[in-house]
Structure formats: structure tokens, C-alpha cells
Amino acid sequence: MADAPQDGTAPLAEGDAERTRRRAELAEALERTRERIAVTGAEPTLVVVTKFFPAADAAALVDLGITDIGENRDQEAAAKVAELEETGHRPARVHFIGQLQSNKAASVARYADVVQSVDRVKIVTALEKGARAAERRLDVLLQVDLAGDDEGRGGVLPDALPALAERVAGSDVLDLRGVMAVAPLGGDPDAAFARLADLHERLLRDHPEATWRSAGMSGDLEAALVHGATHVRVGSAILGARPRAR
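Reading the sequence shown from the start, the letters are residues 1 to 246 in the numbering used here.
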């Protein structure tokens, strides 16, 4: 049993104390991340990547003002969003950021507001089918492969980007919002995000509405912001070391 505080107030139950501790931890990490962003002078949308972390963490982040969370595994994300809805903590936007299989698209279309990882026509078609069935519209980002050497991280090759953009732009249930990329493993993120910026500027000539540029994670968000990222995806810098996948 917890000792009574010296000020005479009732002691916190063990679970309440842990939630209070975790909320304070998240608040401090969130403030550090916001300070990193502020130094660059940019004002991006901060997407906090909550994959592998419990819904309680996502709920605490919503209470701390976070409007966007990112998930990359359908089964985990669907359950987490449902739990957040039950407790009144659903964020304004749920971003699906992981590689998407066509057989999972219908499920993702039921809860995601944004799909950042569209990289082939087959996924576009599957998302359209799911969105129509769910009677929802989805915002879509095209994931661009900046490595070109089959790292297994997904993405459309730059030469195929215009055709894929045309396919999404012609959809009746998907809205083309922009591009997303991950810096190649072991590569120079500054060079990678400069290339993404160039590809995005070219895309904007034909699709001026596609203004989102999602780039940068915990380790390289500054480089992404220098090159015009409008969205950054930050996980470990806020939530800590990622638990092992269940």
C-alpha cells in the first residue's frame, strides 16, 4: 500500500501513480521534440508514431494536445483506435504509415484518416474498395523509394511517381495529399530529403493540391524540416525505446 503523502492528501493507487508518471514522462519528451522543431523555424504537423505502445499512451498524448498519431500494423491499429474511441480519446487524424498489403486495405479504410504508404496501383484499387464500403474518404500520400536498392521499406520508384499520382487523383474516394519518404538506411538524410523535395516540387506542377511532404523521424527530423517537410513522424524520441512486437 502506498504511503500517505505528508500533505494529508489521499495516496494515489498504484495504477494511477504509474499513469501520472508516464504522462509526465511523455509531456517532457514531447516538449523536447517541440523544441527541436522550433529551432528550425518550421511549423510541421507532428505525427506521433504509437506502434507497439498501448492505447493508454496514445490517450495521454491526445490529452497533451497531439492531434495526429501513426500506426503501421493493421491488427494492432484497429484495436487501438477502437479503444481510443471508447474512451473519448480518438485523435483528429490516424495515419497508417506501414507497408500495406492489399488484403488489409479494407480494414485500414475503416479507421485510418490518412494512408501515407501508397506505392502501387493495386493498393489504390484496394483502398478505393474499402473506402466505398465504409462510406469514407481517405487522404493519401505516395511513398517514394529514395534508395532504389530493394531495402524492403516500400515506395514507388521516382520514374513511376507521376502515373501513380494520376491514378489517385482520378479517384472518387481518395484525395491525393502529397508524398512520403524514409531516408535510406546508412545514407545521408540531407541528400535524401533534398531529392524528395525536388520530386515533390515537380509533382506539384500537375497536382497543386498535393502539398503534404511527410519526411523525417526521431533521428533526422531536422534534415527533413530544412527541406520543407510539412509532416514529421516521431516515435522513440517521444515514447521511448519501442517494446518488442507482440
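Using N, Cα and C, we set each Cβ at its ideal position, and we do this for glycine too.
Q | Distance between beta carbons of Gly178 and Leu252, contact taken as under 8 angstroms | A | Residue 252 is absent from the model: the chain starts at 1 and stops at 246.
Q: Taking the CB atoms as reference points, tell me whether Leu100 and Leu61 lie closer together than 8 angstroms.
A: No.
Q: Grab the span of the alpha helix (DSSP H) containing Thr125 for me, first residue to last.
A: 121-134
Q | Where the alpha helix (DSSP H) through Asp175 begins and ends | A | No alpha helix (DSSP H) holds Asp175; the beta strand (DSSP E) holding it covers 174-180.
Q.
Suppose the cutoff is 6 angstroms on Cβ atoms and the five residues either side in sequence are ignored; what does the same chain contact list for Ala126 look like?
A. Ser102, Ala105
Q | Asp139 - DSSP class collapsed to helix/strand/coil | A | strand
Q: Can you grab the Cα-Cα spacing for the pair Ala192 / Leu64, in whole Å?
A: Ala192 and Leu64: Cα-Cα distance of roughly 32 angstroms.
(Q) Quick check: the Cα distance between Leu46 and Pro91, rounded to an integer number of angstroms? (A) 12 angstroms
Q: Under 6 angstroms Cβ to Cβ from Arg246, same chain only, skipping five residues before and after it: list those, please.
A: With a pLDDT of only 44 at Arg246, under the threshold of 50, the placement of this residue in the model should not be trusted; the figure read from the coordinates follows. None.
Q) What did DSSP end up calling Arg73 once you bin it into helix, strand or coil? A) coil
Q: Kindly identify the DSSP beta-bridge partner or partners of Arg233.
A: Arg233 pairs with Val47.
Q) Which of helix, strand or coil does DSSP assign to His227? A) coil
Q. What's the C-alpha gap between Arg167 and Glu128?
A. 11 angstroms
Q. Can you list, in chain order, the residues of its chain whose CB lies under 8 angstroms from that of Ala29, leaving out five sequence neighbours each side?
A. Ala237, Ile238, Leu239, Gly240
(Q) I'd like to check one pair, Asp145 with Gly130: are the Cβ atoms closer than 8 angstroms? (A) no
Q. Does DSSP put Met1 in a helix, in a strand, or in coil?
A. Confidence is the limiting factor: at Met1 the pLDDT is only 44, short of 50, which leaves the residue's position unreliable, though a coordinate-based value still follows. Coil.
Q.
DSSP three-state label for Arg246, please.
A. Unreliable positioning characterises Arg246 in this predicted model, as indicated by a pLDDT of 44, which lies under 50. The coordinate reading is nonetheless provided below. Residue state, collapsed to three classes: coil.
Q.
Cutting at 8 angstroms between CB atoms, please list the residues of its own chain near Leu196, excluding the five before and the five after it.
A. Closer than 8 angstroms at the Cβ level, and outside the excluded window around Leu196, lie Val144, Leu146, Val179, Ala181, Arg213, Ala215, His227.
Q. Contact check, Ile69 vs Thr87 under 8 angstroms by CB: the rounded distance?
A. Between Thr87 and Ile69 the Cβ distance is about 14 angstroms, and since that is not below 8 angstroms, they are no contact.
Q: Quick one: give me the first and last residue of the alpha helix (DSSP H) that Phe193 is part of.
A: 189-206
(Q) Between which two residues does the beta strand (DSSP E) holding Arg93 run? (A) 93-96
Q | Arg21, DSSP secondary structure in three states | A | helix
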